[in-house]
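Just so you know, the UniProt record's numbering puts 37 at position 37 of the sequence shown, and the rest follows in order with no gaps. Glycine included, each C-beta is placed from N, C-alpha and C at the ideal position. In this text the structure is predicted, and so the values were computed from the model without any measurement. For reference, the structure is listed below as structure tokens.
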Amino acid sequence: MSTATIATTVKGGEWLIKTGTPEETFIPENFNEEQVMVKEMCATFLDTEVLPVVQRLDKMEEGLMPSLMDKAGEQGLLGTSAPEEYGGLGKDFITATLVNEALGGGYSFSVAVAAHTGIGTLPILYFGTPEQKAKYIPKLATGEWKGAYGLTEPNSGSDALGAKTTAVLSEDGKYYILNGQKCWITNGGFADVYTVFAKIDGKDFTGFIVERGMEGFTQGSEEHKMGIKGSSTVQLYFQDCKVPVENLLGEVGKGHVIAFNILNIGRLKLAAAALGGSKRSLNIALTYAATREQFKQPILNFGAIQHKLAEMAIRIWVCESALYRTSKWIDDKEHELLAAGKPFNEALLGAAEEYAIECAMLKVDGSEVLDYVVDEGVQVHGGNGFSDEYDISRAYRDSRINRIYEGTNEINRLLTVDMVLKRAMKGRLDIMTAAMNVQKELMSIPDFGSDDETAFAKEYKAIANFKKAIMLTAGAAVQKFMMKIEHEQEVLMNIADMAIQTFNAESALLRAAKLVAEKGENACAFELDMMRTYLYDAADRINKFGKDAINAFAEGDEHRMMLLGLKRFTKVDPFNTKDARRRIVAKLRNDGKYPL
């Protein structure tokens, strides 16, 4: 899909104060022929090459994971987004996102591929010199060389800049001498190329390209993990490791620019992979429920099981809506920057930075959707779900790590609000005007108005009110705490959860509205049930998050007024979610799987 002629009209975070439109979003139903083919190719690769050997992968059979990655490289699955001049396919951002999703159901294999194509390759692709890119990217894009990323240390997890690994220039000026240790390095046991961060002279946080076999570079034994057992995870050790000066990556003292920009992209890619894993796990649970009989009938006939399966599908569908909405924004922005003369690396990094808020929210939601799906998937299986003989057990174990890496979900929640506030202070987002308007509205008589007969009028009004609830809560919190608000993490996380629910609900509404415009309302009953059920439930969740935040800092008349306002802004019409969920499951039963 080419979007080079489409101008970006939505800034990162602007959806908080601006009504979204169906035209601004991209939906999976609009994948073009090539994208559908890519998705099918990924699914075939998992079914034929990966899934038959997952038990062997979990036992860390020597050479098996690298050989699978070699095969993936032969099919072009490792170089989707790399430019053609470096041996990649040069596909657009939406297609690259789709590949991450489509390979996301491959358990440990998905982790290895995501690490290689993301943090293992992108730092060099986007920050490397022409010589570095020419040397490394063609081999990484084809899988001839495997990539890894060394940032985390035993005493610096979320505080990445607190790393202790050091680099000192040798007396002859030819090498940087690295000393230190890295831990939890995915692909570390077999990678050929590592992006490693160290502090030059103990102060300038900088990136380096380290190759396997360099003098003074060794690795530890494989970690024994709760999940993703088939992925290689080791510690890296640097003892007077000699790294040629030409392997310095980016600028001295600017390693944080590399780390944080790569994380923006990595968070969205993680959400995509988690979405793929969620779909596979839902399909596993659905198949089991249709074949497992209790009381002389399939358990799929029981309302309690139908509720679980429908909720899995709803959360997947909504996450999918938010993911591809954001992917289109990034794709549009990338083309806009390319048209303005930016080189490809600066264009994508600039686009990802613009939507860093949304990427952080997607990482949280995608990982938590997967955790919900696998947890309920185990429950659908009953006692069998606790057995290693059933795939849902592996999915459950493998899911848990996603809430930790690429920044913990707590960090990403805090970042979501922090980035919004910083953009407001810089004038990039006019949040304060929106918050002041909400306060004025609370002091006035409610405008009940006449019934709006336009399509989805009630749903659009509900979304607008959810945004007012965020402005009400966040605006008052900022006024209360001022510069000390960063210490009120519980309140900030409540506000972030309100934002995630609202962004998801709006994304679902825009997707449904776009489908209805294309196919007609009668053809979209399944999608409308998903959207309306999520929106109805989101109202209660937003109300709860808002109340928890308000109760933490407001008192007296202000407290009462804010709670009344929150109740007004989270009020939605009654909706029979039980029947909607049963209709959703009827569609799942008929298709035998999640429909996309």
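Can you give me the C-alpha to C-alpha distance between residue i and residue j, rounded to a whole angstrom?
{"i": "Asn30", "j": "Thr97", "result": "14 angstroms"}
{"i": "Gly427", "j": "Met530", "result": "36 angstroms"}
{"i": "Met214", "j": "His116", "result": "20 angstroms"}
{"i": "Glu488", "j": "Ala434", "result": "22 angstroms"}
{"i": "Glu555", "j": "Ala474", "result": "16 angstroms"}
{"i": "residue 599", "j": "Arg581", "result": "No statement about residue 599 is possible, as the shown extent of the chain runs from 1 to 596 and does not include it."}
{"i": "Ala7", "j": "Glu336", "result": "Reliability of the predicted coordinates at Ala7 is poor, the pLDDT of 48 falling under 50, and the value obtained from them is presented with this limitation in mind. When rounded, the distance between both Cα atoms is 6 angstroms."}
{"i": "residue 599", "j": "Ala508", "result": "The question about residue 599 has no answer here: the residues shown for the chain are numbered 1 through 596."}
{"i": "Gly12", "j": "Met361", "result": "12 angstroms"}
{"i": "Phe456", "j": "Phe545", "result": "25 angstroms"}
{"i": "Phe302", "j": "Glu376", "result": "15 angstroms"}
{"i": "Ser2", "j": "Tyr355", "result": "Low confidence applies here, because Ser2 scores a pLDDT of 40, under 50, leaving its location unreliable and the question unanswered by this model."}
{"i": "Ala4", "j": "Glu24", "result": "Note that Ala4 has pLDDT 39, beneath the 50 cutoff, so the model's placement of it is unreliable and the number below is only indicative. Each residue's alpha carbon lies about 14 angstroms from the other."}
{"i": "Glu506", "j": "Glu34", "result": "28 angstroms"}
{"i": "Glu84", "j": "Gly76", "result": "11 angstroms"}
{"i": "Lys440", "j": "Leu563", "result": "15 angstroms"}
{"i": "Lys174", "j": "Asn247", "result": "10 angstroms"}
{"i": "Ala273", "j": "Ser444", "result": "47 angstroms"}
{"i": "Asp497", "j": "Gly520", "result": "33 angstroms"}
{"i": "Ser156", "j": "Glu527", "result": "44 angstroms"}
{"i": "Glu311", "j": "Leu510", "result": "20 angstroms"}
{"i": "Glu453", "j": "Ser393", "result": "49 angstroms"}
{"i": "Pro138", "j": "Ala347", "result": "20 angstroms"}
{"i": "Lys468", "j": "Ile94", "result": "31 angstroms"}
{"i": "Leu309", "j": "Ser399", "result": "18 angstroms"}
My output table needs one value for residue i: the three-state DSSP class, helix, strand or coil.
{"i": "Thr3", "result": "Unreliable positioning characterises Thr3 in this predicted model, as indicated by a pLDDT of 40, which lies under 50. The coordinate reading is nonetheless provided below. The answer is coil: DSSP assigns Thr3 none of H, G, I, E or B."}
{"i": "Glu427", "result": "Per the sequence shown, residue 427 should be read as Gly rather than Glu. Gly427: coil per DSSP, three-state reduction."}
{"i": "Pro154", "result": "coil"}
{"i": "Gln75", "result": "coil"}
{"i": "Thr166", "result": "strand"}
{"i": "Leu103", "result": "coil"}
{"i": "Pro83", "result": "coil"}
{"i": "Pro298", "result": "strand"}
{"i": "Arg325", "result": "helix"}
{"i": "residue 604", "result": "Since the first residue of the chain shown is 1 and the last is 596, residue 604 is not available in this structure."}
{"i": "Val243", "result": "strand"}
{"i": "Glu131", "result": "helix"}
{"i": "Leu140", "result": "helix"}
{"i": "Leu89", "result": "coil"}
{"i": "Met69", "result": "helix"}
{"i": "Leu249", "result": "strand"}
{"i": "Glu211", "result": "strand"}
{"i": "Val10", "result": "coil"}
{"i": "Val572", "result": "coil"}
Per DSSP, residue i is paired with what?
{"i": "Ala198", "result": "Thr206"}
{"i": "Phe238", "result": "Gly180 and Phe217"}
{"i": "Ile185", "result": "Val234"}
{"i": "Ala148", "result": "Tyr194"}
{"i": "Tyr175", "result": "Pro244"}
{"i": "Glu293", "result": "Pro298"}
Roughly how far, in whole angstroms, is the beta-carbon of residue i from the beta-carbon of residue j, given that I think they are within contact range, below 8 angstroms?
{"i": "Asp548", "j": "Asn494", "result": "5 angstroms"}
{"i": "Ile265", "j": "Gly105", "result": "No, Ile265 and Gly105 are not in contact; Cβ-Cβ is about 21 angstroms, not under 8 angstroms."}
{"i": "Met65", "j": "Ala112", "result": "6 angstroms"}
{"i": "Ala197", "j": "Ala163", "result": "Ala is not the amino acid found at residue 197; the sequence shown has Phe there. So it is a contact: roughly 6 angstroms between Cβ atoms."}
{"i": "Leu415", "j": "Arg423", "result": "About 12 angstroms; that fails the 8 angstroms criterion."}
Between residue i and the ligand ATP, is the CB less than 7 angstroms from at least one heavy atom?
{"i": "Lys133", "result": "As far as ligands go, the structure on display features none, and thus does not contain the ligand ATP."}
Quiz item: What runs of the alpha helix (DSSP H), each 4 residues or longer, lie entirely inside the segment 366–419?
Solution: 391–399
Quiz item: Going along the chain, which unbroken runs of the alpha helix (DSSP H) with 4 or more residues stay wholly within the UniProt domain "Acyl-CoA dehydrogenase-like C-terminal" (465–568)?
Solution: 489–519 and 525–551
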